[in-house]
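Student: One gets the working numbering by counting positions in the sequence shown from 1 and adding 56 to each. C-beta atoms are modelled at their ideal positions from N, C-alpha and C, and glycine is treated no differently. Before we start, here is the structure in question, set down as structure tokens.
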Amino acid sequence: MLTTCFTLLAGCGGSGENSAARTSPSGTAAPQVQPSDVAVNPATASVTEWGYIPLPDGNELRYTAWLPEGEGPFPVLMMYEGYFGGSDPSRAANIFVYDMLAKGYAIVGVNLRGSACSSDSWELFNLQQAQDGAFAVDWLAQRPWANGKVAMYGYSYAGIMQLWVASMQPKHLVAVGPGMPVVDTYRDIGFPGGILNAAFPPAWGAGLNADWAIAYRDALQIGDNKCLQHGALHAAQNNLNSLAVQIPQHPNDDAWHHAHSIKNWVSNINVPVFATQAWQDEQTGGRGAYFYDQLDPNKTWIITSNGHHTIHQYSHGIMAQLQSFYDHFLKGIDNGFDKTPKVHIWHETDAANLAPNSVTTLPKLPVKVKAKEFHLAPGGLMLNDKETAAAGPGTSYSYPLPAPNVIDSTGVFDRTQTGGVTANTWTVSPDNPLGRAVFTTKPLLNTFTSYGVSSADLWVSTTANDVDLQVTMVEVRPDGQEQYVQRGWLRASHRALDEQRSSALQPYHPHTAESMKDMTPGVPELLRVEMMPFSHVFRKGSSIRMYVENPSMIGLWGFQSILTPQTVTVHHDAEHPSKIVLGELPNANVKPELTECGTVDSQPCRNNPVPQP
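Structure (structure tokens):
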């Protein structure tokens with residue numbers, strides 16, 4: 057039996073050693089571990105253990121475990137990411153973590169290799185990190201305070217890594233709760249529509265270094281010299297492997313993107329999944345929800361909602377369902393969670409309290425929708441599929457006049473523990489009527505609720521050989537306001553389609569070097585713009601509007617767009633039937649009243665700059 061020595065940092069300021077041994081649940085010896093410190097957590101009166109998980113190749117992953125009061129053994133909730141979770145397991149979910157700790161869960165943060173205090177070099181998500189994480193799951197399950205059952209938690213980086221680790225099917229993993237993942241590095245975040253997202257990757261890389269500095273500071277305070285030795289190498293390695301360097305070097309969907317995207321392994325996941333996805337996520341975008349359809353629908357629960365990146369952390373409704381999920385699958389509590397609807401579609405989640413205005417539930421994935429077409433017509437009209445467009449010339453605009461930013465240029469959400477937006481803006485300025493094509497439906501005779509993927513199928517000609525399109529969807533309200541809904545992008549030279557993987561609602565562009573083709577000036581070509589997925593309630597009396605314009609800032613995203621001056625024409629005649637195809641959610645449970653403008657999370661309003669038809 058292994059005896060591990062702990063240093064107790066008692067509230068009186070004294071220290072000592074505790075040689076009491078703990079055995080693993082099976083009665084076998086617990087795995088060898090570096091001597092670790094134990095401290096009293098003043099917020100929860102828990103015991104903290106930290107140390108290094110020894111990987112098979114000789115590298116080490118830094119971990120910190122917060123243990124609840126009591127003898128144990130305990131079910132384990134593990135967060136695995138590249139910030140400083142190995143030093144602070146509450147880094148990305150503090151309210152949730154403290155609640156779960158009080159309910160008797162051991163909370164463990166683990167830093168992936170090359171990040172913060174862990175050894176080796178950092179790289180973007182990859183198969184090695186998935187294998188490391190799977191090893192960490194099984195290693196932690198054998199700690200003397202663990203009961204052999206491990207689940208994973210967290211969103212963003214931690215959500216992404218849950219999918220990677222779960223795809224390895226570690227023996228002791230029983231459930232995962234990923235939120236806001238990046239599943240396809242090219243399409244989700246690096247090159248939406250083939251256009252370089254030049255703003256977010258370098259900002260994220262700088263934040264990574266700043267987070268590691270916090271881990272090094274904490275290591276100094278507790279005398280973790282090994283962390284400082286590892287950390288001395290990380291900054292230079294991060295600079296070499298940073299997204300700001302790596303992403304621009306791979307402008308096509310090549311082997312690098314394939315190696316760093318989990319999309320090809322998602323279908324291997326065989327444990328229960330509780331997923332969350334915010335459509336207007338200003339950091340990782342909303343495409344991650346596509347891939348949950350690859351999971352076992354009988355083991356997958358999902359909440360989708362309008363909203364921002366950290367809704368996973370701050371929404372009490374999401375946290376309550378997550379707790380029930382873990383209670384059922386990790387603790388074995390018969391709380392009825394397994395009988396709850398597996399799909400919850402939140403409509404018009406409020407920015408102040410992050411609670412939905414209404415909810416549509418479905419038994420399980422996939423969410424079935426009807427493709428609804430709206431056809432573009434002369435005079436800036438958008439007609440439903442039962443109306444006939446009159447003949448007329450195309451609609452032209454000057455490129456690249458700037459388009460308005462959505463959620464001001466800083467993209468910063470300053471939130472309290474209960475939410476609350478202080479930077480959620482969308483202004484008419486800069487207002488360049490000559491720099492956009494605008495199409496609007498007549499006031500809707502019935503409320504229309506959209507869901508999921510959609511495609512703007514535009515016949516476009518231009519006076520140059522390439523151009524970037526940004527399609528912005530809005531609701532034009534009868535109160536004189538426009539409400540932002542969603543955006544999508546496409547570089548014209550990336551217009552080629554993989555017909556086998558495309559559908560009426562979702563175009564799939566290969567984005568390979570071989571598939572690229574310049575435009576011929578003056579010749580219309582079909583450009584199918586993939587919209588980021590969304591769900592929105594377009595109320596009776598409102599109109600649906602589409603802007604076609606130059607890419608602009610959205611949240612933390614900014615694009616390195618083509619700057620060649622040119623005239624762009626969107627055609628809409630019998631030979632060039634431009635349209636937008638939206639997914640209509642049947643039998644949606646929505647309220648008839650318009651929400652107050654400015655209250656819906658991440659969907660700001662502005663004064664309507666274009667008359668409603």
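(1) Counting only the same chain and skipping the five closest in sequence on each side, list residues whose C-beta sits under 6 Å from that of proline 248.
(2) By the 10 Å Cβ neighbour count, where 16 or more other Cβ atoms means buried, how is isoleucine 325 classified, buried or exposed?
(3) Note the first and the last residue of the continuous alpha helix (DSSP H) segment covering isoleucine 270.
(4) Could you give the DSSP three-state label for glycine 467: helix, strand or coil?
(5) Return the residue from the list Arg492, Gly263, Trp260 and Leu133 that minimises the CA-CA distance to methionine 208.
(6) Taking contact to mean at least 3 C-beta pairs separated by less than 8 Å, is the region 615-635 in contact with the region 393-410?
(7) Check whether the region 651-665 and the region 423-435 touch, using three or more Cβ-Cβ pairs below 8 Å as the test.
(8) Can you tell me whether serine 171 is buried or exposed, with buried defined as 16 or more other CB within 10 angstroms of its CB?
(9) Measuring straight from C-alpha to C-alpha, what distance separates glutamine 668 and serine 599?
(10) Is it buried or exposed for glutamate 116, if we count other Cβ within 10 angstroms and need 16 for buried?
(11) Restricting to Cα atoms, I'd like to know which of Ser223, Phe385, Ala630 and Leu582 is closest to leucine 351.
(12) On a CA-only basis, which of His365, Lys647 and Leu612 is nearest glycine 235? Give me that one, please.
(13) Would you grab the beta carbon distance between leucine 500 and lysine 596 for me? Rounded to a whole angstrom, and I think it's under 8 Å.
(14) Do valine 423 and leucine 514 count as a contact pair if the criterion is CB distance below 8 Å?
(15) Less than 8 Å between the beta carbons of valine 193 and isoleucine 109, yes or no?
(16) From glycine 83 to valine 164, what does the alpha carbon distance come to, in whole angstroms?
(17) Using C-beta distances below 6 Å, list every residue in its chain close to alanine 520, excluding the 5 sequence neighbours before and after it, in chain order.
(18) Our contact map puts valine 232 next to tyrosine 136 with C-beta atoms below 8 Å; I'd like the distance itself, whole angstroms only.
(19) Give me the Cα-Cα distance between glutamate 649 and proline 577, rounded to the nearest whole angstrom.
(20) Taking only the alpha-carbon atoms, compute the straight-line gap between leucine 638 and tyrosine 119 and give it to the nearest angstrom.
(21) Apply the 10 Å Cβ neighbour rule to histidine 384 and answer buried if 16 or more other Cβ atoms are within range, or exposed otherwise.
(22) Would DSSP call aspartate 240 helix, strand or coil?
(23) Measuring CB to CB, does valine 541 end up less than 8 Å from glutamine 616?
(24) Looking at C-alpha atoms only, which residue of Glu429, Asp337, Pro145 and Gly342 is the closest neighbour of leucine 561?
(25) Going by C-alpha to C-alpha distance, which of Val206, Asp244 and Ser559 sits closest to proline 129?
(26) So, for leucine 196: in the same chain, excluding its five sequence neighbours on each side, which residues have a beta-carbon less than 7 Å away from its beta-carbon?
(27) Would you kindly report the start and end of the unbroken beta strand (DSSP E) that includes tyrosine 507?
(28) Determine the closest residue to alanine 237 out of Lys387, Ile303, Asn362 and Gln339, with distance taken between C-alpha atoms.
(29) According to DSSP, simplified to helix, strand and coil, what is histidine 632?
(30) Please name the residue or residues paired with tryptophan 201 in a DSSP beta bridge.
(31) When the Cβ atoms of the region 478-497 are set against those of the region 552-570, are three or more pairs found closer than 8 Å?
(32) Between which two residues does the beta strand (DSSP E) containing glutamine 526 stretch?
Tutor: Concretely, from the data shown:
(1) On the sequence shown, position 192 is the one that residue 248 refers to. Excluding sequence neighbours, proline 248 sits near Trp545.
(2) As a working note, residue 325 is residue 269 in the sequence shown. Burial call: buried.
(3) Sequence index remark: in the sequence shown, residue 270 carries index 214 (1-based). Segment 256-278, the alpha helix (DSSP H) holding isoleucine 270.
(4) Here residue 467 is taken as the residue at index 411 of the sequence shown, counted from 1. Caution is warranted here: a pLDDT of 38 is assigned to glycine 467, below 50, making its placement in the model unreliable, and no coordinate value can be reported.
(5) The residue you call residue 208 lines up with position 152 of the sequence shown. Of the candidates Arg492, Gly263, Trp260 and Leu133, the one whose C-alpha sits nearest the C-alpha of methionine 208 is Leu133.
(6) No: the two stretches stay apart, fewer than three of their Cβ pairs being nearer than 8 Å.
(7) They do not touch, by the three-pair rule.
(8) Here residue 171 refers to the residue found at position 115 when the sequence shown is read from its first residue. That one is buried.
(9) The sequence position of residue 668 within the sequence shown is 612, counting from 1. The sequence position of residue 599 within the sequence shown is 543, counting from 1. Roughly 7 Å separates the two Cα atoms.
(10) Locating residue 116 in the sequence shown gives position 60, where the first residue counts as 1. So glutamate 116 counts as buried.
(11) Here residue 351 refers to the residue found at position 295 of the sequence shown. Nearest Cα to leucine 351 within the set Ser223, Phe385, Ala630 and Leu582: Ser223.
(12) As a position in the sequence shown, residue 235 is number 179, starting the count at 1. It is His365.
(13) The residue you call residue 500 lines up with position 444 of the sequence shown. The residue you call residue 596 lines up with position 540 of the sequence shown. A Cβ-Cβ separation of about 6 Å places leucine 500 in contact with lysine 596 under the 8 Å criterion.
(14) For the purposes of this step, residue 514 is taken as residue 458 along the sequence shown, with counting starting at 1. For the purposes of this step, residue 423 is taken as residue 367 along the sequence shown, with counting starting at 1. No. Outside cutoff.
(15) As a first step, residue 193 is located in the sequence shown; it is residue number 137 there, counting from the start. As a first step, residue 109 is located in the sequence shown; it is residue number 53 there, counting from the start. Going by beta carbons, valine 193 and isoleucine 109 fall outside the 8 Å limit.
(16) For the purposes of this step, residue 83 is taken as residue 27 along the sequence shown, with counting starting at 1. For the purposes of this step, residue 164 is taken as residue 108 along the sequence shown, with counting starting at 1. Since pLDDT at glycine 83 reaches only 28, below the 50 mark, its modelled position is unreliable, and the value read off the structure follows with that caveat. Between glycine 83 and valine 164, the C-alpha separation is close to 22 Å.
(17) Position 464 of the sequence shown holds residue 520. The beta carbon of alanine 520 sits closer than 6 Å to the beta carbons of Thr620 and Gln622 from its chain, once the five residues preceding and following it are set aside; these are given in chain order.
(18) Locating residue 232 in the sequence shown gives position 176, counting from the first residue. Locating residue 136 in the sequence shown gives position 80, counting from the first residue. Approximately 10 Å separates the beta-carbon atoms of valine 232 and tyrosine 136; this is outside 8 Å, ruling out the contact.
(19) Along the sequence shown, read from residue 1 onward, the residue named residue 649 stands at position 593. Along the sequence shown, read from residue 1 onward, the residue named residue 577 stands at position 521. Straight-line spacing of the CA atoms in glutamate 649 and proline 577 works out to 47 Å.
(20) The sequence position of residue 638 within the sequence shown is 582, counting from 1. The sequence position of residue 119 within the sequence shown is 63, counting from 1. Roughly 45 Å between the two C-alpha positions.
(21) Numbered from 1 along the sequence shown, position 328 holds the residue referred to as residue 384. Answer is buried; the Cβ neighbour count reaches 16.
(22) Taking the sequence shown and counting its residues from 1, one reaches residue 240 at position 184. In this structure, aspartate 240 counts as coil in the three-state DSSP scheme.
(23) Here residue 541 corresponds to residue number 485 of the sequence shown, with the count starting at 1. Here residue 616 corresponds to residue number 560 of the sequence shown, with the count starting at 1. Taking 8 Å as the Cβ cut-off, valine 541 and glutamine 616 do not qualify as a contacting pair.
(24) Counted from its first residue, the sequence shown places residue 561 at position 505. Ranked by how close their Cα comes to the Cα of leucine 561, the residues Glu429, Asp337, Pro145 and Gly342 have Glu429 in first place.
(25) Within the sequence shown, residue 129 is the residue found at index 73, counting from 1. Answer by Cα proximity: Val206.
(26) By one-based count along the sequence shown, residue 196 stands at place 140. Sequence-distant partners of leucine 196 (beyond 5 residues in either direction) whose C-beta falls short of 7 Å from its own C-beta, in its chain, are Val132, Met134, Val164, Ala202 and Val206.
(27) Stepping through the sequence shown from its first residue, residue 507 is reached at position 451. Residues 504-518.
(28) For this step, residue 237 is matched to residue 181 along the sequence shown. The sequence given here has proline at residue 237, not alanine. If we check each option's Cα against that of proline 237, Gln339 comes out closest.
(29) The count along the sequence shown starts at 1 and reaches residue 632 at position 576. Under the three-state reduction of DSSP output, histidine 632 falls in the strand class.
(30) Counting from one through the sequence shown, the residue named residue 201 turns up at place 145. Answer is none; tryptophan 201 lacks a bridge partner.
(31) These segments do not touch.
(32) Position 470 of the sequence shown, counting from 1, holds the residue named residue 526. First-last of the beta strand (DSSP E) with glutamine 526: 524-532.
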